[in-house]
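Protein chains in written order, with our numbering: chain A, 1 to 343; chain B, 1 to 289. The beta carbon of each residue, even a glycine, is placed where N, CA and C say it ideally should be. Reading through the structure tokens given below for one structure.
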Amino acid sequence: MAALPDVSSHAIGRARWRASEIVFWILAAACAFLFPSRYLIMTDIVRLALFALSLDLILGYAGIVSLGHAAFFGVGAYSAGLMALHGLVNEPVIALVAAGVVATVVGFLTSFLVIRGVDLTRLMVTLGIALLLEALAERFSDITGGTDGLQGIEMQPILGLFAFDMFGKTGLFYSLIVLFVLFLLARRIVNSPFGLSLRAIKNNPLRAAAIGVPVNRRLIAIYTIAAFYAGIAGALFTQTTALASLDVFSFERSADLMLVLVIGGTGYLYGGLIGAVVFKMLQEFFSTITPQYWQFWIGLVLVVIVLVGRARIHRWALWLPNLVIKLLAGRKAVVAVPESDAS
Amino acid sequence: MTTLFTILFDGVAYGMLLFVLACGLAVTLGLMNFVNLAHGAFAMTGGYVCAVLVNNSGWPFFAALPLAFVASALIGVVLERALYRHLYTRSHLDQVLFSVGLVFMSVAAVDYIMGSSRVFIRLPAALEGQFDFFGVGIGRYRLMIVVICGLLTVALQLILARTRFGSRLRAAVDDPRAASGLGINVPQVFAFTFAFGCGLAGLGGALSAEILGLDPYFPLKFMIYFLIVVTVGGSSSITGPFLASLLLGIGDVAGKYYVPKMGPFVIYTIMIVILIWRPNGLFGRTATR
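Encoded structure:
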């Protein structure tokens, strides 16, 4: 029972890049070149994917159910907007990181509230924090522009070289690169011993504590990191759309985000990315049928997913790719299987 | 001084309304441990049923109120039997996703059927205006709410504490397995309770159209309020949520009056502080489930 070498070799094996992952990123890059008329929606997908990645870090890996993740998205969005508006930080990349840092600070401060209590309390506290920030943004309308939002944001060229164009080409490639870099970071994080300890906490906090994992500190750390990611996603939103309004904090944004992650599956990082693509396509599809009432169908999708069972749906969705891979490679399927859904 | 009393009275009326709206949730969420974010949708249903009956079919307001209760309870029992009962044992995440989905559906459906603008229920003349009580202005409508909701609260407490059904419900909640072993039909008790809670929400929705406003976004706007009532109130008895709703009602009305711009801010801050201080609610039992 040499547990330690097994764990580490298992972890190293998991951390290795798979062919399917490389294909995924090549496809993503290819899409950016292939559909020049679809830059805006693709940017939207990339932003959403980054945001979902952030939620996956806490939901899929640490098991924290958050109903108010839009709080950090909003903080990032407003920080980036304010920095650009008042010319504090003109260079978008530095502003992006700065906005992420602001969200990180907020995330760190609120993490102490979130780690206390059980699921239900966490739900309420996260939701409460998002609502609180929304109320604050509305209250200090002289800074945030209130219900009108921040207006007149003008973005400087990225690194002083690439100006944002009206078709959103720069915006898309910028977002895609940011997503890729942060994805690499997230991948590194979840495959590190730190990431493994998070899984242990998610599976059983008591046992994790018993084998010497500092549960609360780890949860604070991952919550703070997730806040950073969400802040970056929010900042990207402001930078690529040149607006920030109160709805960045809205409950619908947090709820949609959960749907994104649930569609894609939690706990393997690609869930948020795939979910974002599927969600945006669904949204586009529904809003072409019923421009005003697409929310109904989104809601129906949620209800059906839950009733059928998330694990079962993912098995169905992966049936075809698994079959193809088995036929092509003649070995055991290596497509990303959502091995654990958050409970 | 008189404004203080008026605020207090309005706050109490508001709080009692919130209690009737949320006490169904106190049972599903607090006792059965099911995170039902769609509770407001049942309230909205009741409100719209009442509005249609009164405004379009010319029913008297007081005749429409029981029907609002019945309609919501019926929808509640159908949904419980068809959908909810499969999810009692699922994770909180599943329950949240499911009920959020229901909320989205109800919002869009009501928007489709009734339009997105705010709906007013035509009130009988006897309920309009206010009268002076030792210099304190008391709204007739609010007085009626206090009376109705007060009676309901007493009735609920009596049902829970004194009747056979009440003791069955408490047994079923405390330990479903032991309760079914004793011959209690636990699913039936839960279904009935769920339906009754939905009916109360519907009644509350009908009553609240005048005060809270009734539009398709009702379930989203007031979701947090219902959750606050239950989580802050705790789940050990009906008194906890009742006191929590009164606190919330008075706090909200006073907050809107004295610090109009900070209103929601105050409520959310208090909620977070209380939840941090006592994760099981102010009046909750200390044991975690």
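For residue 136/B, the enclosing beta strand (DSSP E) starts and ends at 136 to 139.
Beta-bridge partners of residue 130/B (DSSP): 139/B. Under the 10 Å beta carbon count, residue 151/A is surrounded by fewer than 16 other beta carbons and is classified as exposed. Ranked by Cα distance from residue 207/B, the options 31/B, 32/B, 9/B and 67/B are led by 67/B. Between the alpha carbons of residue 38/B and residue 161/A lies a distance of about 50 Å.
Between residue 70/A and residue 250/A, the C-beta gap is smaller than 8 Å, which places the two residues in contact. Look at residue 264/B: its C-beta is under 8 Å from a C-beta on chain A.
Residue 271/B belongs to the set of residues whose beta carbon lies under 8 Å from a beta carbon in chain A. In this chain, the alpha helix (DSSP H) harbouring residue 39/B covers 39 to 51. If you check each beta-carbon in the stretch 217 to 245 of chain B against every beta-carbon of chain A, the ones closer than 8 Å belong to 220, 223, 224, 227, 228 and 231. Look at residue 158/A here: in three-state DSSP terms it is strand. According to the DSSP assignment, residue 36/B belongs to no alpha helix (DSSP H), since it is labelled neither H nor E. Assigned with DSSP and collapsed to three states, residue 243/A falls in coil, not helix or strand. Within a 10 Å sphere around the beta-carbon of residue 295/A sit 16 or more other beta-carbons, which makes this residue buried.
In this model, residue 220/B and residue 40/B are separated by some 7 Å (Cα to Cα). For residue 10/B against residue 306/A, the beta-carbon gap comes to about 40 Å, at or over 8 Å, which does not count as contact. One Cα belongs to residue 210/A, the other to residue 158/B, and the distance between them is close to 46 Å. Exposure of residue 154/B is indicated by the presence of fewer than 16 other C-beta atoms within 10 angstroms of its C-beta.
Residue contact check for residue 79/B against chain A: no CB pair falls below 8 Å. The beta carbon of residue 92/B sits closer than 8 Å to some beta carbon of chain A. Residue 100/B belongs to the set of residues whose beta carbon lies under 8 Å from a beta carbon in chain A. The bridge partners DSSP lists for residue 214/B are 119/B. Approximately 7 Å separates the beta-carbon atoms of residue 251/B and residue 270/B; this is inside 8 Å, confirming the contact.
Residue 97/B places its beta carbon less than 8 Å from that of residue 262/A.
For residue 109/B, the nearest CB of chain A lies under 8 Å from its own CB, placing it at the interface with that chain. Exposed is the label assigned to residue 217/A, since fewer than 16 other Cβ atoms lie within 10 Å of its Cβ. Here the stretch 12 to 21 of chain B makes no contact with the stretch 66 to 86 of chain B; the two share fewer than three CB pairs at distances below 8 Å. Using a Cβ-Cβ cut-off of 7 Å, residue 261/B is close to 139 of chain A, given in chain order. C-alpha of residue 14/A to C-alpha of residue 190/A: approximately 10 Å in a straight line. Collapsing the DSSP output to three states places residue 150/A in a strand. For residue 45/A, the enclosing alpha helix (DSSP H) stretches over residues 39 to 59.
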